[in-house]
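A.B. asks: Shown below is the structure under consideration.
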Amino acid sequence: MHRILSYINAGFFFLLIVLPLGGGLIYSFLYSIGGLGLLNEEISGKALLTIWEEGTFLKSLFYSVYIALLSIGISVALSLTLTLGIKLPSRENPYWMYMPLALPGMVVAFLMFQWLSRTGVFSRVMFQAGIISEITDFPVLIQDELGLGIIIAHVLMATPFFWIFFRGLYQTERVKELGGISASLGAQKHQILWKVKIPVLLQQGLPTIILYFLFVLGSYEIPLLLGQSSPQMLSVTIIRKLERFNLLDKPEGYAMIWMYALIVLVAVYAILSLHQKRKAS
Amino acid sequence: MKKGPRFFIAIIGLGIAFPFLTLLLFSFMKGWFFPSISPTTWTLDYWIQLFQVEGELLQTSLTSILISIFVAFVSTLLGFFLGKWMATHPWRKWWLLLAYFPFVLSPVILAAGIQFFFIKFGLSGNFLGVLIAQLLIALPYAIIIYNGFWSPSMLDREKLARTLGGTAWQAFWRVSIPLSSGVILVVFFQTFLISWFEYGLTRLIGLGKVKTLTIQVFQFVTETNIFLAALSGVLLVVPPLILLWVNKRFVINQWI
Chain R
1 MHRILSYINA GFFFLLIVLP LGGGLIYSFL YSIGGLGLLN EEISGKALLT IWEEGTFLKS
61 LFYSVYIALL SIGISVALSL TLTLGIKLPS RENPYWMYMP LALPGMVVAF LMFQWLSRTG
121 VFSRVMFQAG IISEITDFPV LIQDELGLGI IIAHVLMATP FFWIFFRGLY QTERVKELGG
181 ISASLGAQKH QILWKVKIPV LLQQGLPTII LYFLFVLGSY EIPLLLGQSS PQMLSVTIIR
241 KLERFNLLDK PEGYAMIWMY ALIVLVAVYA ILSLHQKRKA S
Chain D
1 MKKGPRFFIA IIGLGIAFPF LTLLLFSFMK GWFFPSISPT TWTLDYWIQL FQVEGELLQT
61 SLTSILISIF VAFVSTLLGF FLGKWMATHP WRKWWLLLAY FPFVLSPVIL AAGIQFFFIK
121 FGLSGNFLGV LIAQLLIALP YAIIIYNGFW SPSMLDREKL ARTLGGTAWQ AFWRVSIPLS
181 SGVILVVFFQ TFLISWFEYG LTRLIGLGKV KTLTIQVFQF VTETNIFLAA LSGVLLVVPP
241 LILLWVNKRF VINQWI
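Protein chains in written order, with my numbering: chain R, 1 to 281; chain D, 1 to 256.
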């Protein structure tokens with residue numbers, strides 16, 4: 001009976017996780033090398049060569065990494081400041097701290113548009129206050145070169161999450177007590193902060209920080225609404241390549257799928273190994 | 001509490017309320033021209049339209065609720081057994097890696113990879129296809145949470161019940177289920193939210209024919225119908241707010 005149940009579970013796992021994932025990646029790989037697809041006549045590395053020569057994949061990858069690094073970096077810094085700088089009346093998190101988690105990416109992107117565009121709320125307030133005299137005086141924050149709108153949107157979403165997360169870690173890792181021990185051993189306030197509290201929180205939170213980094217790296221709706229036409233974040237570039245009328249672009253889109261998947265696979269493996277090493281030690 | 005922290009907390013509270021207030025106010029506005037901060041008129045029109053039976057937005061909300069409840073229910077149920085199976089399997093690390101993968105890969109990229117198969121099996125552009133596609137990202141998440149729950153000590157408690165003379169069914173029904181009721185609730189709420197917030201995968205597999213609230217928000221934004229987009233946004237954030245309120249004690253602090 002136990003063995004039968006094990007086979008049934010393995011069957012479901014294979015059917016709903018391994019098969020779609022494997023099938024999708026194998027299909028993408030075969031399409032990208034010309035093994036599948038209506039217009040593909042022979043197996044070749046043409047698509048790979050094209051994206052390498054045009055630099056499409058690398059440009060999008062670097063742009064995505066830049067957005068994700070900056071978004072996560074700012075969010076982690078802000079949330080650490082909130083965790084260590086603001087003492088709430090109770091150890092338990094109040095409900096209002098969770099409220100931002102109810103905002104989906106699509107809604108945050110929409111709000112960014114209404115707040116930060118040149119005809120948005122902030123621009124109007126500044127105009128009425130006499131800080132700017134023309135619409136063009138307001139800086140371009142949406143669909144801009146530096147991806148500021150995308151970064152601000154991600155920071156707004158990630159900071160509340162990390163604040164709750166670090167507050168949880170602060171208690172489970174007994175950071176306050178560690179600080180107390182350091183103080184009794186003669187450490188000064190800034191040493192306790194920079195050499196005890198922040199390193200403990202960052203070290204324990206690293207797997208989650210990397211996971212969130214990967215989420216931002218692959219985010220879609222926020223850069224779709226707030227990003228400029230070039231360069232674009234990876235997900236947007238891939239979907240645009242696959243949805244273009246020019247079918248010759250499709251192999252490039254599929255090549256980018258499996259190349260990105262490979263990067264994510266290595267990253268997830270590294271996170272899990274790191275996590276298990278920590279657990280073992 | 002000192003005055004300083006109270007001031008900061010008030011500022012943060014205002015910052016947190018601002019997005020919700022913006023959505024709510026925009027859903028009552030009509031005509032909003034630069035440089036005016038206030039609209040030309042305030043109206044209840046969009047809200048009245050919403051509650052009309054033939055209203056599109058009401059139907060979209062119902063579709064979203066149906067999809068999310070189904071996805072959450074199946075993921076919670078299947079994930080429970082798959083998580084336990086995985087926790088006791090010698091290849092646990094590799095299964096966990098595979099479970100993380102679809103979730104971290106980016107749902108829209110996963111959808112792009114599997115779209116061909118959905119078209120081939122007649123699952124593209126229909127309700128069933130969207131259900132299955134969303135299950136492919138919600139189920140791994142459920143498994144990951146359950147995998148953390150099925151620790152050796154948890155499994156030992158079930159074994160102890162068997163050692164003390166309980167049948168497999170009794171150990172499952174009287175020991176495992178009561179002990180896991182908290183995590184079951186968390187998984188249900190979390191997978192509901194994954195499905196509720198999903199956009200890219202739903203658009204690619206549903207081809208825009210299966211309209212969920214996120215699809216509707218995007219459509220209104222591209223049509224520059226910001227007031228209806230705001231109303232859809234309000235509808236989109238209300239269920240998660242309620243779920244978070246109900247489930248506050250279980251979410252985040254204990255399971256992240």
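C-beta atoms are modelled at their ideal positions from N, C-alpha and C, and glycine is treated no differently.
#1: Please report the straight-line C-alpha distance between R/ILE198 and R/LEU70, rounded to a whole angstrom.
#2: For R/SER47, return the contacting residues in chain D, with the cut-off set at a CB-CB distance below 9 Å.
#3: Would you call the CB atoms of R/LEU217 and R/LEU242 closer than 9 Å?
#4: So, using beta-carbon positions, are R/LEU201 and R/THR83 closer together than 9 Å?
#5: Going by C-alpha distance, which of R/LYS87, R/PRO100, R/PHE12 and R/VAL125 is nearest R/VAL155?
#6: Using 9 Å as the threshold, is the C-beta distance between D/LYS211 and R/ASN93 below it?
#7: Does D/TRP91 come out as helix, strand or coil in the three-state DSSP assignment?
#8: Please specify which runs of the alpha helix (DSSP H), each continuous and at least 4 residues long, are wholly inside the stretch 167-214 of chain R, giving them in chain order.
#9: Looking only at its chain, what residues have a beta carbon closer than 7 Å to the beta carbon of R/THR50, apart from the 5 residues adjacent to it on each side?
#10: What is the rounded straight-line gap between the Cα of D/THR191 and the Cα of R/PHE127?
#11: Short of 8 Å Cβ to Cβ, which residues in the stretch 118-131 of chain R face chain D?
#12: Using the three-state DSSP reduction, which class does D/THR60 fall into: helix, strand or coil?
#13: Give a yes or no on whether 9 Å exceeds the smallest Cβ distance from R/TYR63 to chain D.
#14: Sort out for me which residues DSSP pairs D/MET29 with in a bridge.
#15: State buried or exposed for R/ASN246, treating a residue as buried only when at least 16 other CB atoms are found within 10 Å of its CB.
#16: What are the complete alpha helix (DSSP H) segments, minimum 4 residues, inside the stretch 44-83 of chain R?
#17: Give me the Cα-Cα distance between D/TRP255 and R/SER64, rounded to the nearest whole angstrom.
#18: Using DSSP with H/G/I as helix, E/B as strand and the rest coil, what is D/ASN253?
#19: Are the beta-carbon atoms belonging to R/GLY35 and R/GLU221 less than 9 Å from one another?
#20: What residues in its chain sit with their C-beta under 6 Å from that of D/ASN253, if we drop five residues either side in the sequence?
#21: Have a look at D/GLU198 and D/GLY13 and give me their C-alpha separation to the nearest angstrom.
#22: For D/TRP95, which residues in the same chain have their Cβ closer than 7 Å to its Cβ, ignoring the five residues on either side in sequence?
#23: With H, G and I counted as helix, E and B as strand and the rest as coil, what does DSSP make of D/PHE6?
#24: Which of helix, strand or coil does DSSP assign to R/SER28?
#25: Find the residues of chain D that neighbour R/MET259, judging by a C-beta separation of less than 8 Å, and give them in chain order.
#26: I'd like to check one pair, D/SER195 with D/ALA262: are the Cβ atoms closer than 9 Å?
#27: Between the Cα of R/LYS176 and those of R/GLU54, R/PHE14, R/ALA270 and R/LYS87, spot the shortest distance and give me the residue it belongs to.
#28: Using a Cβ-Cβ cutoff of 9 Å, what residues of the stretch 70-99 of chain D are near chain R? List them in chain order.
#29: Mind checking if D/LYS248 is an interface residue toward chain R, Cβ cutoff 9 Å exclusive?
#30: Is it right to say R/GLN169 is buried, meaning 16 or more other beta carbons lie within 10 angstroms of its own, or is it exposed?
#31: At a CB distance below 8 Å, what residues from the stretch 9-24 of chain R approach chain D? Give them in sequence order.
#32: Given R/PRO223, which residues of its chain have a CB within under 6 Å of its CB, disregarding the five upstream and five downstream residues?
#33: Once DSSP output is grouped into helix, strand and coil, what is the label at R/ALA109?
#34: Under three-state DSSP, which class holds D/LEU14?
#35: Please give me, in chain order, every unbroken run of the alpha helix (DSSP H) with length at least 4 that falls completely inside the stretch 191-249 of chain D.
C.D. replies: Considering the structure as presented:
#1: Approximately 19 Å, taken between the alpha carbons.
#2: It should be pointed out that residue 47 of chain R corresponds to Ala in this sequence rather than to Ser. Those do not exist, as R/ALA47 stays about 15 Å from chain D at its closest Cβ, beyond 9 Å.
#3: Taking 9 Å as the cut-off, the beta carbon of R/LEU217 is found no closer than this to the beta carbon of R/LEU242.
#4: Between R/LEU201 and R/THR83, the gap from beta carbon to beta carbon is short of 9 Å.
#5: Of R/LYS87, R/PRO100, R/PHE12 and R/VAL125, the residue nearest in Cα terms is R/PRO100.
#6: Here D/LYS211 is not near R/ASN93, since their CB atoms are 9 Å or more apart.
#7: Three-state result, D/TRP91: coil.
#8: Unbroken alpha helix (DSSP H) stretches of 4 residues or longer found wholly inside the stretch 167-214 of chain R: 175-184 and 189-192, given in chain order.
#9: Counting only Cβ-Cβ distances below 7 Å, and skipping sequence neighbours, we find GLU252.
#10: Looking at the two C-alpha atoms, the distance is approximately 44 Å.
#11: From the stretch 118-131 of chain R, only THR119, VAL121, SER123, ARG124, VAL125, PHE127 and GLN128 have a Cβ closer than 8 Å to chain D.
#12: If DSSP states are grouped into helix, strand and coil, D/THR60 belongs with the helices.
#13: Nearest CB-CB separation between R/TYR63 and chain D: not below the 9 Å threshold.
#14: Residue pairing by DSSP places D/MET29 opposite D/TRP42 in a beta bridge.
#15: That one is exposed.
#16: Here the runs fully enclosed are 46-54.
#17: Because D/TRP255 sits at a pLDDT of 47, beneath the cut-off of 50, its placement in the model cannot be relied upon, and the following sentence gives the value as read from the coordinates. Computed Cα separation, rounded: 28 Å.
#18: Only weak support is given to the placement of D/ASN253: the predicted model assigns it a pLDDT of 49, under 50, and the value that follows is read from those uncertain coordinates. Note: D/ASN253 maps to coil in three-state DSSP.
#19: In terms of Cβ geometry, R/GLY35 and R/GLU221 do not form a close pair [threshold 9 Å].
#20: Since pLDDT at D/ASN253 reaches only 49, below the 50 mark, its modelled position is unreliable, and the value read off the structure follows with that caveat. Within the same chain, D/ASN253 has no close Cβ partners at all.
#21: D/GLU198 and D/GLY13: Cα-Cα distance of roughly 27 Å.
#22: Answer for D/TRP95: MET86 and HIS89, listed in chain order.
#23: At residue 6 of chain D the sequence reads Arg, which differs from the Phe that was named. D/ARG6: helix per DSSP, three-state reduction.
#24: Reduced to three states, the DSSP call for R/SER28 is helix.
#25: Going along chain D, no residue has its Cβ under 8 Å from R/MET259, so there is no contact; the nearest lies around 11 Å.
#26: It is not possible to answer for residue 262 of chain D, since the shown part of chain D is limited to 1 through 256.
#27: Taking R/LYS176 as reference, the option from R/GLU54, R/PHE14, R/ALA270 and R/LYS87 with the minimal CA-CA separation is R/LYS87.
#28: Listed by position, the residues of the stretch 70-99 of chain D near chain R (Cβ gap below 9 Å) are LEU78, PHE81, LEU82, LYS84, TRP85, MET86, THR88, HIS89, LYS93, TRP95, LEU96, LEU97, LEU98 and ALA99.
#29: Yes, because at least one Cβ of chain R sits closer than 9 Å to the Cβ of D/LYS248.
#30: The sequence shown places Leu at residue 169 of chain R, rather than the Gln named in the question. R/LEU169 should be labelled buried.
#31: For the stretch 9-24 of chain R, which is checked against every Cβ of chain D, the residues closer than 8 Å are ASN9, ALA10, PHE12, PHE13, LEU16, ILE17, VAL18, PRO20, LEU21, GLY23 and GLY24.
#32: Within the same chain, R/PRO223 has close Cβ partners ILE150, MET233 and VAL236.
#33: If DSSP states are grouped into helix, strand and coil, R/ALA109 belongs with the helices.
#34: When secondary structure is reduced to three states using DSSP, D/LEU14 falls in the helix class.
#35: Here the runs fully enclosed are 200-206, 213-222 and 226-247.
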